[in-house]
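Residue numbers 1368 to 1536, in our numbering, belong to the letters of the sequence shown in order. A quick write-up on the structure given underneath.
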Amino acid sequence: MYVLQYIRACVRLNVKGSWDDLQIVITRNTVDDILKIANKLKTFFEEQLKSSKMVWGIQQENPPSSAPQSDSKMDENVAPLVYATQFWQKVLDSVTEIQFKQKILPIPQHGETVVGGYVGLEAGRVSLACMHGEMSAHSWALFHMRNPGIVFTPEAKFSYIDRDEDVIG
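Now the structure itself:
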């Protein structure tokens, strides 16, 4: 009889965006608008995760509705960089919770669980107008770039870092 042993469990998200000619105007309100969009997307994905857990029959121990109101006010004031750097850790927490408590996904013996992704953005040409204030501002700067691109490949990993497999790193 052959027993399957998993060495690595992965959850990946791959996104690629490209444009021939991308034109962007940034005003004083642009950053706030982007943060509002990001918060709406975060709420959407949290609801999807909650629905997925219900479909799989996963019981949530601490529902978000029981959180005090002061926590939600703190979330609004947290720097956007914190959300960007802690995103995959929250996904990893959910995946490892499913692995340990629900036994739906395999737990790699002597291996690791990895979550992460690839986000690649590229364009043939980019024109960026930075306005000092609103769209009708008298002060502004204009930038042109050819063939720009950026790639993000963040990930979070759960693995044991000792031989007895009781220290997680």
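All C-beta atoms in this analysis are idealised placements derived from N, C-alpha and C, irrespective of residue type, glycine included. Note that the structure is a prediction, hence the values are computed from the model and not measured.
Around the Cβ of Trp-1455, a 10 Å sphere holds 16 or more other Cβ atoms; the residue is buried.
A Cβ-Cβ contact shorter than 9 Å links Thr-1480 with Lys-1524. Note that the C-beta distance between Pro-1515 and Val-1493 is below 9 Å. The DSSP-derived three-state label of Gln-1390 is strand.
When the alpha-carbon of Ala-1376 is set against those of Ile-1471, Gly-1500, Gly-1487, Leu-1495, the nearest one is in Ile-1471.
Residue Met-1498 holds the alpha-carbon nearest to the alpha-carbon of Arg-1395 among Thr-1520, Met-1421, Met-1498, His-1505. Pairing Pro-1475 with Leu-1380, the inter-Cα distance amounts to about 20 Å.
In this structure, DSSP gives Met-1512 an extended state, which the three-state scheme calls strand. The three-state secondary structure of Met-1502, taken from DSSP, is coil. Taking the Cα of Met-1512 as reference, the smallest distance to any Cα among Ser-1526, Gly-1491, Ser-1506 is reached at Gly-1491. Taking C-beta atoms as the reference points, Gly-1478 and Gly-1384 fail to come closer than 9 Å. Judged by DSSP in its simplified three-state form, Leu-1472 adopts coil rather than helix or strand.
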